[in-house]
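Here is the structure we will look at, set down as C-alpha coordinates.
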Amino acid sequence: MPESSHFQKQQSLPTRHIQLQFKQRLLLSAASYFSCQPMPTALPDSFFHRDAKTLARELLGKVIRHKVGELWLAARIIETEAYYCAEKGSHASLGYTEKRKALFLEGGHIYMYYARGGDSLNFSAEGPGNAVLIKSAYPWTDSVSDENALAQMQLNNPDASGAIRPPQRLCAGQTLLCKALGLKVPMWDAKRFDPQRLLVEDVGQHPTRIIQTTRLGIPTGRDEHLMYRFVDADYARFCTRNPLRRGQVEGRDYLLLDQGN
(Lines of atoms letter the chains of each structure in order from A and count residues from 1; the text may use other names and numbers.)
(Lines give C-alpha, C1' and ligand atoms only; values in the text may rest on other atoms or scores of the structure.)
Protein backbone atom coordinates (compact mmCIF):
# COMPACT_ATOMS: atom_id res chain seq x y z
CA MET A 1 0.00 0.00 0.00
CA PRO A 2 1.40 3.43 -0.87
CA GLU A 3 2.41 5.49 2.13
CA SER A 4 -0.05 8.27 1.26
CA SER A 5 -3.00 5.82 1.14
CA HIS A 6 -1.98 4.35 4.47
CA PHE A 7 -1.85 7.85 5.96
CA GLN A 8 -5.30 8.70 4.61
CA LYS A 9 -6.72 5.47 6.03
CA GLN A 10 -5.20 6.20 9.42
CA GLN A 11 -6.71 9.70 9.39
CA SER A 12 -10.19 8.73 8.18
CA LEU A 13 -11.35 7.06 11.39
CA PRO A 14 -10.61 9.95 13.77
CA THR A 15 -11.95 12.40 11.20
CA ARG A 16 -15.25 10.56 10.99
CA HIS A 17 -15.32 10.36 14.78
CA ILE A 18 -14.88 14.14 15.05
CA GLN A 19 -17.62 14.72 12.47
CA LEU A 20 -19.96 12.40 14.37
CA GLN A 21 -19.24 14.19 17.63
CA PHE A 22 -19.93 17.54 15.95
CA LYS A 23 -23.28 16.32 14.60
CA GLN A 24 -24.20 14.95 18.02
CA ARG A 25 -23.39 18.30 19.62
CA LEU A 26 -25.57 20.07 17.06
CA LEU A 27 -28.47 17.72 17.76
CA LEU A 28 -28.05 18.13 21.50
CA SER A 29 -27.90 21.92 21.10
CA ALA A 30 -31.07 21.91 19.03
CA ALA A 31 -32.84 19.65 21.51
CA SER A 32 -31.67 21.86 24.36
CA TYR A 33 -32.90 24.97 22.52
CA PHE A 34 -36.39 23.59 21.97
CA SER A 35 -36.62 22.04 25.44
CA CYS A 36 -35.65 25.37 27.02
CA GLN A 37 -38.22 27.34 25.05
CA PRO A 38 -40.89 28.78 27.35
CA MET A 39 -44.30 27.17 26.98
CA PRO A 40 -47.25 29.46 26.26
CA THR A 41 -50.12 29.62 28.73
CA ALA A 42 -53.54 28.87 27.26
CA LEU A 43 -56.64 30.79 28.24
CA PRO A 44 -59.01 28.52 30.19
CA ASP A 45 -62.22 27.30 28.56
CA SER A 46 -64.14 29.49 31.01
CA PHE A 47 -62.78 32.59 29.23
CA PHE A 48 -65.03 31.78 26.26
CA HIS A 49 -68.18 31.30 28.37
CA ARG A 50 -69.43 34.86 27.85
CA ASP A 51 -71.67 36.89 25.59
CA ALA A 52 -70.45 36.89 21.97
CA LYS A 53 -70.01 40.67 21.73
CA THR A 54 -68.14 40.74 25.03
CA LEU A 55 -65.95 37.85 23.90
CA ALA A 56 -65.28 39.57 20.56
CA ARG A 57 -63.97 42.63 22.40
CA GLU A 58 -62.00 40.67 24.99
CA LEU A 59 -60.22 38.65 22.30
CA LEU A 60 -58.61 41.80 20.85
CA GLY A 61 -54.95 41.80 21.86
CA LYS A 62 -54.90 38.08 22.63
CA VAL A 63 -52.44 35.89 20.72
CA ILE A 64 -53.32 32.76 18.75
CA ARG A 65 -50.49 30.21 18.75
CA HIS A 66 -50.37 27.13 16.52
CA LYS A 67 -47.47 24.69 16.82
CA VAL A 68 -46.16 23.45 13.48
CA GLY A 69 -43.18 21.15 13.84
CA GLU A 70 -41.05 22.78 16.53
CA LEU A 71 -42.29 26.31 15.82
CA TRP A 72 -45.09 28.18 17.54
CA LEU A 73 -46.64 30.31 14.79
CA ALA A 74 -48.37 33.29 16.37
CA ALA A 75 -50.59 36.27 15.59
CA ARG A 76 -52.19 38.98 17.74
CA ILE A 77 -55.94 39.33 17.19
CA ILE A 78 -56.85 42.81 15.88
CA GLU A 79 -60.34 42.32 14.39
CA THR A 80 -63.32 40.18 15.39
CA GLU A 81 -67.00 39.79 14.57
CA ALA A 82 -69.74 38.55 16.91
CA TYR A 83 -72.58 36.34 15.70
CA TYR A 84 -75.78 35.18 17.41
CA CYS A 85 -78.15 32.35 16.61
CA ALA A 86 -81.09 34.78 16.84
CA GLU A 87 -79.87 37.15 14.09
CA LYS A 88 -79.93 36.48 10.36
CA GLY A 89 -76.25 37.09 9.65
CA SER A 90 -75.06 33.98 11.45
CA HIS A 91 -74.54 30.44 10.20
CA ALA A 92 -76.39 29.18 13.27
CA SER A 93 -79.55 31.03 12.21
CA LEU A 94 -79.81 28.56 9.32
CA GLY A 95 -80.28 25.74 11.82
CA TYR A 96 -78.31 22.91 13.34
CA THR A 97 -76.35 20.59 11.06
CA GLU A 98 -73.48 18.23 11.70
CA LYS A 99 -71.17 20.72 9.99
CA ARG A 100 -72.33 23.55 12.29
CA LYS A 101 -72.39 21.52 15.49
CA ALA A 102 -69.43 23.39 17.02
CA LEU A 103 -71.58 26.54 17.12
CA PHE A 104 -74.02 24.77 19.42
CA LEU A 105 -71.41 23.38 21.79
CA GLU A 106 -70.32 25.19 24.94
CA GLY A 107 -67.97 28.15 24.74
CA GLY A 108 -64.41 27.46 23.68
CA HIS A 109 -65.02 25.06 20.81
CA ILE A 110 -63.43 25.76 17.44
CA TYR A 111 -65.69 26.26 14.44
CA MET A 112 -63.97 26.33 11.05
CA TYR A 113 -65.46 26.59 7.59
CA TYR A 114 -64.44 27.51 4.05
CA ALA A 115 -64.93 31.10 2.85
CA ARG A 116 -63.86 32.31 -0.57
CA GLY A 117 -61.78 29.20 -1.06
CA GLY A 118 -59.91 29.49 2.24
CA ASP A 119 -60.23 28.41 5.86
CA SER A 120 -61.89 30.60 8.51
CA LEU A 121 -61.54 30.42 12.29
CA ASN A 122 -64.31 30.95 14.87
CA PHE A 123 -64.72 30.27 18.59
CA SER A 124 -68.03 29.32 20.16
CA ALA A 125 -69.31 31.68 22.86
CA GLU A 126 -71.90 31.48 25.63
CA GLY A 127 -75.28 30.27 24.40
CA PRO A 128 -76.12 27.77 21.64
CA GLY A 129 -75.34 29.10 18.17
CA ASN A 130 -73.34 32.13 19.32
CA ALA A 131 -69.74 32.60 18.21
CA VAL A 132 -66.91 34.98 17.33
CA LEU A 133 -65.17 35.07 13.95
CA ILE A 134 -61.47 35.93 14.03
CA LYS A 135 -61.45 38.38 11.16
CA SER A 136 -57.79 39.45 11.08
CA ALA A 137 -54.60 39.52 13.14
CA TYR A 138 -51.04 40.83 13.15
CA PRO A 139 -47.93 38.60 13.34
CA TRP A 140 -46.59 38.30 16.87
CA THR A 141 -43.01 37.53 17.86
CA ASP A 142 -41.56 36.94 21.32
CA SER A 143 -39.45 34.35 23.16
CA VAL A 144 -41.97 31.63 22.31
CA SER A 145 -42.65 32.59 18.71
CA ASP A 146 -39.44 33.97 17.22
CA GLU A 147 -38.34 35.24 13.80
CA ASN A 148 -38.12 31.66 12.54
CA ALA A 149 -41.84 31.27 13.23
CA LEU A 150 -42.57 34.50 11.35
CA ALA A 151 -40.48 33.29 8.41
CA GLN A 152 -42.48 30.06 8.33
CA MET A 153 -45.73 32.05 8.31
CA GLN A 154 -44.46 34.02 5.33
CA LEU A 155 -43.63 30.78 3.53
CA ASN A 156 -47.12 29.50 4.31
CA ASN A 157 -48.79 32.58 2.86
CA PRO A 158 -46.96 34.14 -0.12
CA ASP A 159 -48.67 36.77 -2.25
CA ALA A 160 -50.33 36.06 -5.61
CA SER A 161 -47.01 36.22 -7.45
CA GLY A 162 -45.33 33.84 -4.99
CA ALA A 163 -43.29 36.60 -3.35
CA ILE A 164 -42.89 37.04 0.40
CA ARG A 165 -45.88 38.88 1.83
CA PRO A 166 -44.96 41.78 4.20
CA PRO A 167 -45.81 41.10 7.86
CA GLN A 168 -48.50 43.79 8.01
CA ARG A 169 -50.48 42.04 5.24
CA LEU A 170 -49.78 38.48 6.31
CA CYS A 171 -52.91 38.01 8.44
CA ALA A 172 -55.05 40.88 7.10
CA GLY A 173 -58.18 38.80 6.54
CA GLN A 174 -59.83 35.66 7.90
CA THR A 175 -58.47 33.28 5.24
CA LEU A 176 -55.03 34.92 5.12
CA LEU A 177 -54.79 34.48 8.88
CA CYS A 178 -55.55 30.77 8.73
CA LYS A 179 -53.16 30.23 5.83
CA ALA A 180 -50.30 31.99 7.62
CA LEU A 181 -50.89 30.02 10.82
CA GLY A 182 -51.37 26.72 8.99
CA LEU A 183 -54.90 26.19 10.33
CA LYS A 184 -57.10 23.80 8.33
CA VAL A 185 -60.79 22.94 8.57
CA PRO A 186 -60.33 19.12 8.64
CA MET A 187 -57.79 19.35 11.45
CA TRP A 188 -59.55 21.70 13.87
CA ASP A 189 -63.27 22.03 13.16
CA ALA A 190 -65.43 21.12 16.20
CA LYS A 191 -62.33 20.52 18.34
CA ARG A 192 -61.28 21.92 21.69
CA PHE A 193 -58.08 23.87 22.10
CA ASP A 194 -54.98 21.76 22.70
CA PRO A 195 -52.38 23.46 24.98
CA GLN A 196 -49.65 21.51 23.18
CA ARG A 197 -50.73 22.49 19.66
CA LEU A 198 -53.30 25.30 19.40
CA LEU A 199 -54.26 27.88 21.99
CA VAL A 200 -55.13 31.50 22.67
CA GLU A 201 -52.93 33.33 25.17
CA ASP A 202 -53.20 36.56 27.13
CA VAL A 203 -49.79 38.22 26.66
CA GLY A 204 -50.77 41.42 28.46
CA GLN A 205 -51.60 43.43 25.34
CA HIS A 206 -54.81 45.46 25.59
CA PRO A 207 -56.25 47.92 23.04
CA THR A 208 -56.39 51.52 24.24
CA ARG A 209 -59.41 52.14 21.99
CA ILE A 210 -61.79 49.83 20.16
CA ILE A 211 -63.74 50.60 17.00
CA GLN A 212 -67.24 49.13 16.86
CA THR A 213 -68.80 48.97 13.41
CA THR A 214 -70.84 46.79 11.04
CA ARG A 215 -69.70 43.37 9.92
CA LEU A 216 -68.32 42.70 6.46
CA GLY A 217 -69.90 40.58 3.74
CA ILE A 218 -73.37 40.32 5.29
CA PRO A 219 -76.05 40.19 2.55
CA THR A 220 -78.76 42.86 2.43
CA GLY A 221 -81.70 41.96 4.62
CA ARG A 222 -79.70 39.70 6.93
CA ASP A 223 -79.04 42.14 9.78
CA GLU A 224 -76.17 43.81 7.97
CA HIS A 225 -76.78 46.98 10.03
CA LEU A 226 -75.74 45.43 13.36
CA MET A 227 -72.52 46.84 14.79
CA TYR A 228 -71.02 43.53 15.82
CA ARG A 229 -67.53 44.06 14.38
CA PHE A 230 -64.69 45.13 16.68
CA VAL A 231 -61.27 46.46 15.67
CA ASP A 232 -58.21 47.42 17.72
CA ALA A 233 -57.97 51.11 16.75
CA ASP A 234 -54.17 51.11 16.78
CA TYR A 235 -54.19 48.40 14.09
CA ALA A 236 -57.14 49.66 12.03
CA ARG A 237 -55.06 50.16 8.89
CA PHE A 238 -53.94 46.51 9.00
CA CYS A 239 -57.37 44.89 9.33
CA THR A 240 -59.59 43.49 6.58
CA ARG A 241 -61.08 46.90 5.76
CA ASN A 242 -60.10 50.04 7.62
CA PRO A 243 -63.19 51.40 9.42
CA LEU A 244 -61.46 54.80 9.70
CA ARG A 245 -60.97 55.18 5.95
CA ARG A 246 -61.96 58.40 4.21
CA GLY A 247 -65.70 59.02 4.09
CA GLN A 248 -66.52 57.14 7.29
CA VAL A 249 -68.24 59.23 9.96
CA GLU A 250 -68.03 58.56 13.69
CA GLY A 251 -71.46 58.03 15.20
CA ARG A 252 -72.93 57.02 11.86
CA ASP A 253 -70.55 54.39 10.48
CA TYR A 254 -68.68 53.45 13.62
CA LEU A 255 -68.34 54.05 17.35
CA LEU A 256 -65.04 54.69 19.09
CA LEU A 257 -64.90 53.00 22.48
CA ASP A 258 -62.37 53.70 25.20
CA GLN A 259 -60.91 50.62 26.84
CA GLY A 260 -63.24 49.48 29.60
CA ASN A 261 -66.42 50.96 28.08
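Its first residue numbered 16, the sequence shown is counted upward by one per residue in the numbering used here. C-beta: ideal position from N, C-alpha, C; glycine also.
query: Complete alpha helix (DSSP H) runs within the region 122-182 (minimum length 4 residues, chain order); result: 162-171
query: Beta-carbon proximity of V83 to W155, cut-off 8 Å; result: no
query: Backbone CA spacing between Q169 and K199 [nearest angstrom]; result: 17 Å
query: Contact check, Y99 vs A67, beta carbons under 8 Å; result: yes
query: Close-in-space but distant-in-sequence residues of the same chain around D6 (CB under 6 Å, 5 per side omitted); result: The structure shown has nothing for residue 6, since the chain only spans 16 to 276.
query: Cβ distance (whole Å) where A71 is taken to contact T95 below 8 Å; result: 4 Å
query: Per-residue DSSP class, three states only, for R72; result: helix
query: Cβ pair count under 8 Å reaching 3, the region 121-136 against the region 193-213; result: yes
query: Expected contact under 8 Å - CB spacing of V147 and A89 to nearest Å; result: Actually they are not in contact, since the Cβ atoms of V147 and A89 sit about 19 Å apart, beyond 8 Å.
query: For P182, the nearest candidate out of I226, R237, C254, E141 (CA to CA); result: C254
query: Local conformation of Q220 per DSSP, three classes; result: coil
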